[in-house]
Amino acid sequence: MEELTLTTPSILFSAISLIMLAYTNRFLAYAQVIRNLKGEHENRPSAMTKLQLDNLRKRLYMARSMQIYGVISLLLCVVCTFFIYVGLQTLAVYTFGVALLLLVISLGISVKEILISVKALEFRLDNVTPEEEKK
1040 MEELTLTTPS ILFSAISLIM LAYTNRFLAY AQVIRNLKGE HENRPSAMTK
1090 LQLDNLRKRL YMARSMQIYG VISLLLCVVC TFFIYVGLQT LAVYTFGVAL
1140 LLLVISLGIS VKEILISVKA LEFRLDNVTP EEEKK
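Sequential numbering from 1040 applies to the sequence shown in the working numbering.
In structure tokens:
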């Protein structure tokens, strides 16, 4: 088995940090849309806003899962760096492997969430009436 160096898990620090920033921005955007739609639904309840809120709830939970897996992956990279520093090479390799696996899971959830988002937008575009197109 090839030895890990201190730079190996460190490479992921910036990548995971940027991914987490994107996830956080997405989460904040969902929060704003949910607040607006919830107010609209309370004033004028409709089946469409209810469906949108349900869809956003699902996507919000997915964003939370993406963030959790990403954060744990980052923490494991830090732990891996510590293991390398103290000479626990085998433990470092396994920890790094788990960190990579969690990052892959996080990215997989992100892809699934993107597909759901696109489907929701397509549904919204398909329901544009001719009067709305003229505006």
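Ideal Cβ positions, reconstructed from N, Cα and C, are used throughout, including at glycine.
Rounded C-alpha distance that separates residue i from residue j
i       : j       : result
CYS1116 : LYS1097 : 29 angstroms
GLU1042 : TYR1124 : 12 angstroms
ASN1075 : ASN1082 : 11 angstroms
GLU1152 : LEU1139 : 20 angstroms
ALA1086 : ASP1165 : 16 angstroms
Proximal residues to residue i (C-beta, below 7 angstroms), its chain only, five neighbours per side dropped
i       : result
LYS1176 : For the chain, the structure presents residues 1040 to 1174; residue 1176 sits outside this window and is missing.
SER1149 : MET1105
ALA1068 : none
SER1156 : ARG1098
Integer-rounded CB distance, given that residue j should sit under 8 angstroms from residue i
i       : j       : result
PHE1122 : THR1047 : PHE1122 to THR1047, Cβ: 11 angstroms. No contact.
THR1120 : LEU1045 : 6 angstroms
ALA1102 : TYR1133 : At roughly 29 angstroms, the Cβ-Cβ gap does not stay under 8 angstroms, so ALA1102 and TYR1133 are not in contact.
ALA1159 : ASN1064 : Wrong, their Cβ atoms sit about 18 angstroms apart, outside the cutoff.
LEU1141 : SER1112 : 4 angstroms
Sequence-distant residues of the same chain with beta carbon closer than 6 angstroms to residue i, five excluded per side
i       : result
HIS1080 : THR1088
ILE1073 : LEU1095
Quick one: complete alpha helix (DSSP H) runs, 4+ long, within the segment 1067–1138?
For the segment 1067–1138, whole alpha helix (DSSP H) runs of length 4 or above, ordered along the chain, are 1086–1124.
Inter-stretch contact (C-beta, 8 angstroms, three-pair minimum) for the segment 1044–1062 and the segment 1138–1153
Contact between the segment 1044–1062 and the segment 1138–1153 is present, because at least three Cβ pairs lie under 8 angstroms.
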